[in-house]
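Residue numbering for the sequence shown follows our numbering, beginning at 40 and increasing consecutively.
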Amino acid sequence: MQITATVPMRVDLAGGTLDVYPIYLFEGGGLTLNAAISIEARVHLSTRKDDVITITSTDLGVQESIDSIAHLRPGGPLSMVHYALLHYLPEGGLDISIESQAPTGSGLGASSALLMALSSALYALAGRSLDYQRIIDTGANIEAQVIGIPTGKQDYFPPLYGGLCAMWFEIGGWRLESLSTDRELLRLLSDRLIVSYTGVPHDSAVTNWAMLKRYIEKQGDTVARMRDIKAIALNMYSALRNRDFCGFYRLVDSEWQLRHGLAEG
């Protein structure tokens with residue numbers, strides 16, 4: 040059997056870090072806005088007649104061969120694939136190929152997109168119906184295992200749902216509101232956004248962890264800035280719903296100015 044899963048990555052619009060537990064609980068809920076883009080992640084699975092598992096990352100130039108899943112010990116540049124396999128426990132051997140179109144450290148949620156593609160492919164391999172809520176929640180737990188610090192969930196939505204996402208994080212869990220039903224809004228936004236790589240890599244997980252620590256410890260004006268970021272996300276939500284792009288541009292700039300002072304990176 041052969042299965043291929045191709046998913047989009049995302050660009051963050053507003054409210055990033057509010058998706059990280061437990062910040063949104065302390066702020067009476069959080070709102071994060073992002074959008075799927077045409078840069079993609081791809082996973083291809085091929086079943087084998089033996090128990091061997093091979094993993095090839097074409098963009099990293101890394102290849103591994105494991106005698107069987109029982110011999111799998113997570114670690115190294117492919118550790119996220121390892122942890123996903125240990126959770127989903129596919130039967131028999133597999134040839135796994137993963138590929139990301141984004142440069143390493145681009146800040147487009149590439150590793151999360153790959154995890155969503157791999158999880159979806161493993162669901163299909165097992166003959167299970169896709170359960171996006173479970174895939175997202177499990178993915179966040181897997182990624183936390185890999186990086187060793189709390190992680191947010193916003194990166195997982197565009198790979199699975201696509202389009203323009205408004206993600207509400209509340210005490211009872213998360214709730215997705217897709218803004219993609221407004222096709223004209225999507226067209227206008229697409230015409231007005233350019234995603235450009237600066238050539239400077241960035242580790243969003245470490246940056247979020249620095250923000251979280253400063254928030255919990257109430258260092259400086261971190262709490263006030265996070266509250267302002269939430270207000271900007273709410274205002275941007277309204278601006279997008281009203282197709283107010285002048286307001287949208289101002290809010291993008293305002294959020295960047297606030298975020299720039301929260302943590303280096």
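All C-beta atoms, glycine included, are put in the ideal place defined by N, C-alpha and C.
Output the boundary residues of the alpha helix (DSSP H) element that contains residue i.
| i | result |
| --- | --- |
| S293 | F284 to H299 |
| D176 | Y171 to I186 |
| D267 | T261 to R280 |
| A123 | S118 to Y127 |
| E223 | R222 to R231 |
For the candidate residues the options, whose alpha-carbon lies nearest to that of residue i?
| i | options | result |
| --- | --- | --- |
| Q184 | A141, P113 and T220 | P113 |
| A160 | L52, E216, I135 and P189 | I135 |
| P240 | A149, I62 and I92 | A149 |
| M278 | N247, L227, T237 and H299 | A quick correction: the sequence has Ala, not Met, at residue 278. Comparing Cα-Cα distances from A278 to each of N247, L227, T237 and H299, the minimum goes to L227. |
| G132 | M48, R222, S96 and S104 | S104 |
| I255 | S77, M48, I62 and K88 | I62 |
| I42 | E79, L84, L225 and M155 | L84 |
| G202 | E216, R87 and T143 | E216 |
Quick check: the Cα distance between residue i and residue j, rounded to an integer number of angstroms?
| i | j | result |
| --- | --- | --- |
| A109 | G55 | 38 Å |
| G304 | Q172 | Its pLDDT being 41, under 50, G304 is placed unreliably by the model, and the measurement read from it follows with that caveat. Rounded to the nearest angstrom, the two C-alpha atoms are 30 Å apart. |
| G211 | Y276 | 21 Å |
| G100 | W248 | 29 Å |
| F196 | C204 | 7 Å |
| L164 | I181 | 19 Å |
| Q296 | D283 | 20 Å |
| D230 | I76 | 12 Å |
| R264 | L301 | 7 Å |
| F208 | T177 | 16 Å |
| A80 | T95 | 14 Å |
| M48 | D90 | 32 Å |
| A318 | G187 | Given that the chain is displayed from residue 40 to residue 304, the structure contains no residue 318 and the question cannot be resolved. |
| T261 | L128 | 41 Å |
| A270 | L52 | 13 Å |
| E6 | R266 | In the structure as shown, the chain starts at 40 and stops at 304, and residue 6 therefore has no counterpart that could be examined. |
| A44 | S107 | 23 Å |
Specify, as a first and last residue, the run of the beta strand (DSSP E) that residue i falls within.
| i | result |
| --- | --- |
| V46 | Q41 to A53 |
| T93 | I92 to S96 |
| L1 | Lying before the first or after the last residue shown, residue 1 is absent from the chain, which here runs from 40 to 304. |
| L103 | The residue asked about is misnamed: residue 103 is Glu in this sequence, not Leu. Unbroken beta strand (DSSP E) run through E103: V101 to I105. |
| S136 | L133 to S139 |
| R214 | G212 to S217 |
On the criterion of 16 or more Cβ atoms from any shown chain inside 10 Å, does residue i qualify as buried, or is it exposed?
| i | result |
| --- | --- |
| M40 | exposed |
| V234 | exposed |
| R298 | buried |
| Y236 | exposed |
| C285 | exposed |
| Y288 | exposed |
| S168 | exposed |
| N73 | buried |
| L157 | buried |
| T190 | buried |
| L64 | exposed |
| L232 | exposed |
Beta carbon of residue i: closer than 7 Å to some heavy atom of the ligand MN?
| i | result |
| --- | --- |
| L153 | Inclusion of the ligand MN in the displayed structure is not the case, the ligand content being empty and no account of it being possible. |
For residue i and residue j, which I take to be in contact (beta-carbon distance under 8 Å), what is that distance rounded to the nearest angstrom?
| i | j | result |
| --- | --- | --- |
| A244 | L57 | A244 to L57, Cβ: 15 Å. No contact. |
| V50 | L153 | Not a contact, Cβ separation roughly 17 Å. |
| D98 | E138 | 6 Å |
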